[in-house]
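Trainee: Here you go, one structure.
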Amino acid sequence: MTRAIGLVIFLSIAALLAMSSDPWDMHPPVKHKILLSGTFGELRTNHFHSGIDIKSRKGTVGDPVYAAWEGHISRIAVKSTGYGNALYIDHPNGKTTVYAHLHRFEPELATYIKEQQYLQESYEVNLYPDSSLFSVEKGEQIGLMGNSGRSFGPHLHFEIRDTESEVPLNPLHKGAIISDGTAPQLRELKIDYMDPDHRTFHQKKYQTINLGKRRYKIRGDTILAGAWRVGTQIKAYDLMEGASNLNGIYAMELRVDDEMVFSFSMDSISFDDTRYLNAHIDYLDRIRNKSYYHRGYRLPGNLIQIYREQGESGIIKLYKDKARKVDIRCSDSDGNTSTLLFWIKRAEDMRSPSTPSYNFRWSWDQAEYVSQADAEIHFPEACFYQDPLINYGCAQDDSDEHFSWSHDIDNHDDPIHKYFRVEIDMSSVPDELRDKAIIGRCGDDGQITNCGAQINESGKLETHVRSMGQYAIAIDTTPPTIKPTRFRSSMTGLRSMRFAISDDLKTSESARGLNYRATVDGKWVLFERDAKSDQIFHTFDDRIEKGVHQLRLEVWDDRMNKTVFKRSFTR
Ligand SMILES: [Zn+2]
């Protein structure tokens with residue numbers, strides 16, 4: 087990396103032309119034609135997408151990846167999930183670029199990373215090299231595009247962050263990186279009927295009709311809604327030339343009677359705020375139908391900074407005699423805009439609001455705790471986006487699997503923003519099993535998920551979770567399974583050895599997944615991990631010489647139940 091290669095001179099004329107219209111004045115992170123499978127701010131599971139996803143040239147790993155500007159490598163992360171192999175470069179312009187899911191790092195970096203992995207005896211590392219160690223030129227190759235971490239198909243996840251705050255910015259800002267002449271598609275409109283507390287009690291969906299020239303309508307033009315006030319939601323995608331991907335839109339504006347009442351734009355979204363996605367979308371539709379809508383109004387506990395609200399804040403009052411004109415405009419970051427226009431008025435037949443059942447209710451911005459039988463459940467303030475309506479019941483469970491009452495806590499599938507604490511009395515757990523006790527969540531299929539466990543100062547078992555469900559103490563004494571998938575006593579001719587590792591219990595929330603450690607002849611060896619296939623593998627290098635060796639592989643779970651695989655092999 088320190089050797090500065092004048093790659094910039096080799097740029098094609100086309101790339102230079104493309105760069106001249108780029109407000110970032112950046113070297114594109116790849117040299118092939120940039121097509122996107124993801125835009126900034128796109129709606130994803132529990133988060134807004136923090137970068138752009140650049141497609142590989144042919145759907146395979148290995149396309150070279152280049153530094154956007156000059157700078158130095160400030161962070162290298164290797165992880166079996168999340169960003170996988172990721173590079174962070176700090177630039178003199180105050181920005182940090184991030185290149186994630188890489189297949190390989192440049193050889194000089196790869197050597198350094200491996201040294202660090204052996205030093206720390208860990209495959210997963212998070213390295214912050216000194217700023218003098220790896221300087222890069224603008225346009226210098228830094229690695230190869232890949233599919234590592236939580237990636238399902240070769241692509242480059244590329245981010246631009248403000249170095250100081252680490253807040254991701256929209257790389258497509260003002261038509262940068264790609265130019266696209268296709269306007270967003272507005273697929274579906276949803277009308278939320280709201281009660282006086284602005285809680286939705288009924289919804290209706292309307293298919294849009296594409297009139298051409300970026301204009302959309304609904305059948306009949308005027309909606310009759312049996313409610314005093316409504317909110318809108320829109321399902322919209324951005325399409326781009328040359329790709330069939332349904333990408334996220336950049337901005338939305340809602341006008342009522344020609345006055346702007348609500349809008350958002352995806353310019354920057356901090357990681358602290360990204361979970362507000364669940365308030366921005368219709369969470370219920372996401373979990374039931376995997377459908378993502380943008381709300382045209384803000385829930386009270388949604389504090390993300392992407393909205394500009396004016397006047398009525400997006401909630402529309404309805405009148406019987408006067409139809410209100412509504413237009414919804416969605417744009418991509420190149421400024422291509424589509425508009426849906428319709429009218430809405432109050433129907434003669436009103437639908438009466440119904441409140442879902444609950445036995446606990448409080449204000450969303452306050453902390454609260456609820457308690458029954460042997461448990462206490464503590465919710466921090468602003469744990470929900472609107473006042474929670476909670477059904478909480480408990481039952482004495484006589485199954486052998488449970489060592490406490492079973493606590494069923496439900497909030498009608500409203501999204502939960504913060505972790506809340508579940509504390510259960512441990513007195514039914516035999517002494518010798520105390521460190522094997524977990525707080526389990528019982529699924530509809532009867533399967534228990536380990537949600538973590540810690541014995542607190544008052545001797546109770548506690549954990550922090552972000553899901554409702556049925557919680558009880560369970561015991562985990564089952565060790566993990568190790569299955570050789572590429573291993574034999576003679577490893578001659580094989581480039582790697584490989585094992586599948588698995589456990590009987592799923593883990594989630596605050597519970598740790600499987601951990602492992604491998605040694606050859608008593609010395610730690612690097613086993614990489616692919617979380618998607620639950621496999622770990624060692625690729626032979628000159629650290630293991632020809633001859634007979636002793637492999638010892640240990641795998642353990644959250645409760646320290648351990649399995650050891652010991653075998654000799656020749657190389
Ligand atoms: Zn991505």
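Going by the numbering used here, the letters in the sequence shown line up with residues 87 to 657, in that order.
Think of the CB as a built atom: it goes at the ideal place given N, C-alpha and C, for glycine as much as any other residue.
(1) In this structure, what does DSSP give as the bridge partners for aspartate 521?
(2) Going by beta carbon distance, what residues of the same chain come within less than 6 Å of glycine 137, once the five residues before and after it are set aside?
(3) Is any heavy atom of ligand 1 found at a distance shorter than 8 Å from the C-beta of glycine 124?
(4) Do isoleucine 524 and glutamate 487 count as a contact pair if the criterion is CB distance below 9 Å?
(5) Could you give the first and the last residue of the continuous alpha helix (DSSP H) run that contains aspartate 371?
(6) Just list the alpha helix (DSSP H) runs in the region 164–231, keeping only unbroken ones of 4 residues or longer that don't cross its boundaries, in chain order.
(7) Our contact map puts lysine 411 next to proline 466 with C-beta atoms below 8 Å; I'd like the distance itself, whole angstroms only.
(8) Note the first and the last residue of the continuous alpha helix (DSSP H) segment covering alanine 365.
(9) Considering only the alpha carbon of each residue, which of Lys648, Leu637 and Asp517 lies closest to threonine 563?
(10) Can you tell me which of the three DSSP states lysine 260 falls into?
(11) Shorter than 8 Å, the distance from the beta carbon of aspartate 460 to the closest heavy atom of ligand 1, or not?
(12) Is aspartate 420 buried or exposed, if buried means 16 or more other CB atoms sit within 10 Å of its CB?
(13) Given a cut-off of 9 Å on the beta-carbon distance, is the pair tyrosine 302 and threonine 425 in contact?
(14) Please list the terminal residues of the continuous beta strand (DSSP E) segment that includes methionine 346.
(15) How would you write the range of the beta strand (DSSP E) that proline 684 sits in, first residue to last?
(16) Run through the DSSP bridge pairs and tell me what alanine 558 is partnered with.
(17) In terms of alpha-carbon separation, which member of Phe470, Ile463, Ser443 and Met436 lies closest to tryptophan 450?
(18) Hey, glycine 124 and asparagine 333 are a contact pair by Cβ (cut 8 Å); roughly how many whole angstroms apart?
(19) Tell me which same chain residues have a C-beta within less than 6 Å of the C-beta of glutamate 509, skipping the five on either side of it?
(20) Ignore the nearest five residues each way along the sequence and tell me which others in leucine 404's own chain have a CB closer than 8 Å to its CB.
(21) Along the beta strand (DSSP E) that carries serine 582, what are the first and last residues, could you check?
(22) Under the criterion of a Cβ to heavy atom distance below 8 Å, does histidine 243 qualify as lining ligand 1?
(23) Consult DSSP for threonine 146 and reduce its assignment to one of helix, strand or coil.
(24) Distance, Cα to Cα, histidine 133 vs tyrosine 369?
(25) State the start and end residues of the unbroken beta strand (DSSP E) segment that holds threonine 649.
(26) Where do the ends of the beta strand (DSSP E) carrying alanine 288 lie?
(27) Using only alpha-carbon positions, find the residue among Ala163, Asp620, Lys181 and Ile320 that is nearest to alanine 196.
(28) May I ask you to report which of helix, strand or coil DSSP gives threonine 360?
(29) Put leucine 639 into one of helix, strand or coil per three-state DSSP.
(30) If we ignore side chains and look at the alpha-carbon of each, how far apart do tyrosine 209 and leucine 340 end up?
(31) Under 8 Å by Cβ, that's how I've got tyrosine 715 and isoleucine 401 pegged, so tell me the actual separation to the nearest angstrom.
(32) Hey, quick one: how far does the beta strand (DSSP E) through methionine 693 stretch, first residue to last?
(33) Identify every run of the beta strand (DSSP E) within the region 388–469, keeping only runs that are complete inside it and at least 3 residues long; order them along the chain.
(34) May I ask you to report which of helix, strand or coil DSSP gives tyrosine 505?
(35) Between the region 513–532 and the region 480–496, can you find at least three pairs of beta-carbon atoms closer than 8 Å?
(36) Taking the alpha-carbon positions, what's the glycine 92 to proline 114 distance?
Mentor: Once the coordinates are examined:
(1) Partner(s): none; aspartate 521 has no beta bridge.
(2) Cβ within range, chain order: His243, Phe244 and Glu245.
(3) It does: the Cβ of glycine 124 is within 8 Å (strictly closer) of some heavy atom of ligand 1.
(4) Contact flag unset, no.
(5) That run of the alpha helix (DSSP H) goes 369–375.
(6) Qualifying alpha helix (DSSP H) stretches, in chain order: 193–206.
(7) Not confirmed; about 42 Å, so no contact.
(8) Going by DSSP, alanine 365 is part of the alpha helix (DSSP H) stretching over 363–366.
(9) Ranked by Cα distance from threonine 563, the options Lys648, Leu637 and Asp517 are led by Lys648.
(10) It is helical.
(11) Incorrect: aspartate 460 has no Cβ contact closer than 8 Å to ligand 1.
(12) Only buried fits aspartate 420, as 16 or more other CB atoms lie within 10 angstroms of its CB.
(13) It is a contact, given that the beta carbons lie within the stated cut-off.
(14) In the DSSP assignment, methionine 346 falls within the unbroken beta strand (DSSP E) covering 345–351.
(15) The structure shown does not extend to residue 684, since the chain is modelled only from 87 through 657, so no value can be given for it.
(16) Answer is Gly526, bridged to alanine 558.
(17) Comparing Cα positions, the closest option is Phe470.
(18) With a Cβ gap of about 6 Å, glycine 124 and asparagine 333 count as contacting.
(19) These residues qualify, in order along the chain: Glu462, Lys546 and Glu548.
(20) Once the five neighbours on either side are set aside, the close Cβ partners of leucine 404 are Ala311, Ala313, Trp314, Arg315, Val316, Arg410, Ile430, Lys431 and Arg432.
(21) Serine 582 -> beta strand (DSSP E) spans 582–588.
(22) Yes, since a heavy atom of ligand 1 falls inside the 8 Å radius drawn around the Cβ of histidine 243.
(23) Looking at threonine 146 - three-state DSSP - the assignment turns out to be coil, as it is neither helix nor strand.
(24) The alpha-carbon atoms of histidine 133 and tyrosine 369 are separated by roughly 12 Å.
(25) Taken as a continuous stretch (DSSP letters only), the beta strand (DSSP E) holding threonine 649 covers 648–656.
(26) At residue 288 the sequence reads histidine, which differs from the alanine that was named. Looking at the DSSP string, the run of the beta strand (DSSP E) that includes histidine 288 is 286–298.
(27) Cα-wise, what sits closest to alanine 196 is Ala163.
(28) The answer is helix: DSSP assigns threonine 360 an H, G or I state.
(29) The three-state secondary structure of leucine 639, taken from DSSP, is strand.
(30) Computed Cα separation, rounded: 49 Å.
(31) Because the chain here runs from 87 to 657, residue 715 falls outside it and cannot be looked at.
(32) Given that the chain is displayed from residue 87 to residue 657, the structure contains no residue 693 and the question cannot be resolved.
(33) You should have 393–395, 410–417, 423–432, 454–458 and 461–465.
(34) Here DSSP, grouped into helix, strand and coil, assigns tyrosine 505 to coil.
(35) Contact between the region 480–496 and the region 513–532 is present, because at least three Cβ pairs lie under 8 Å.
(36) For glycine 92, the predicted model reports a pLDDT of 42, less than 50, meaning its position is unreliable and no value from the coordinates is stated.
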